[in-house]
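**Q**
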Amino acid sequence: MAKSVITYATQRLIEVLVKKAKFLKGVRGEVEWLRDELQRMHVFLKDADSKQEKDPLVGKELEALRVRISNISKSCETYGIRRIEEGTSSTSIERLHQLRRSSPRGLDRDIIGMENDTTQLVANCSKWRIDSL
């Protein structure tokens, strides 16, 4: 019985990890797209600055674009998005490790009708751990 619980929990964990990997892959693509878009806007702004004096309409478009860039920058700050070159901070790495070390009993809500088996399995594992010390 314990083997079936462990097998189920392992399969469930694999499913969660696969979903998380797919999500993170999608986020990376979105961030890279946003970076490229901001670089294009930056080049456009440089060109528009030189043309602004000749055409007042360019000045208005330029101001609208600056507001849009400002909003994007605020969103990046809100969601903690950094430049890819900056890497990952040690606090976020620690948080990731903490999440990975979370209790496997967190999956209990997904296991229906096996409460007694799970409790017995935990008790046996704890007993074996104490006996082995």
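Counting along the sequence shown from 1, when you hit position 121 you're at 111 in the working numbering, and nothing is skipped either side.
In this text, a Cβ means the ideal position worked out from N, Cα and C, and glycines have one as well.
Being a predicted model, the structure only gives us computed values, none of them experimental.
(1) Compare the beta carbon distance of methionine 31 and isoleucine 71 with 8 angstroms and say whether it is the shorter of the two.
(2) Considering only residues of the same chain and omitting the five flanking positions on each side of glutamate 27, which have a CB-CB separation below 7 angstroms?
(3) Spatial neighbours of serine 52 within its chain, please: C-beta separation below 8 angstroms, excluding the five flanking residues on both sides.
(4) Rounded to a whole number of angstroms, what is the C-alpha to C-alpha distance between lysine 12 and glutamate 84?
(5) Classify isoleucine 4 as helix, strand or coil using the three-state DSSP reduction.
(6) Compute the distance between the beta-carbons of valine 8 and aspartate 107, then report whether it is under 8 angstroms.
(7) Please state the DSSP three-state secondary structure of aspartate 168.
**A** Reading from the atomic positions:
(1) Taking the sequence shown and counting its residues from 1, the one referred to as residue 31 is at position 41. Taking the sequence shown and counting its residues from 1, the one referred to as residue 71 is at position 81. The Cβ atoms of methionine 31 and isoleucine 71 do not sit closer than 8 angstroms to each other.
(2) Numbered from its first residue, the sequence shown carries residue 27 at position 37. Cβ neighbours of glutamate 27 beyond the five flanking positions: none.
(3) On the sequence shown, residue 52 is found 62 positions in, with the first residue counted as 1. As written in the sequence, residue 52 is leucine, which differs from the serine given in the question. Excluding positions up to five away in sequence, the list reads Leu35, Ala38, Asp39 and Gln42.
(4) Looking up residue 12 in the sequence shown gives position 22. Looking up residue 84 in the sequence shown gives position 94. Each residue's Cα considered, the two are about 22 angstroms apart.
(5) Here residue 4 refers to the residue found at position 14 of the sequence shown. It is helical.
(6) Numbered from 1 along the sequence shown, position 18 holds the residue referred to as residue 8. Numbered from 1 along the sequence shown, position 117 holds the residue referred to as residue 107. Cβ atoms of valine 8 and aspartate 107: not closer than 8 angstroms.
(7) This structure does not reach residue 168, given that the chain is present from -9 up to 123, and the question cannot be answered.
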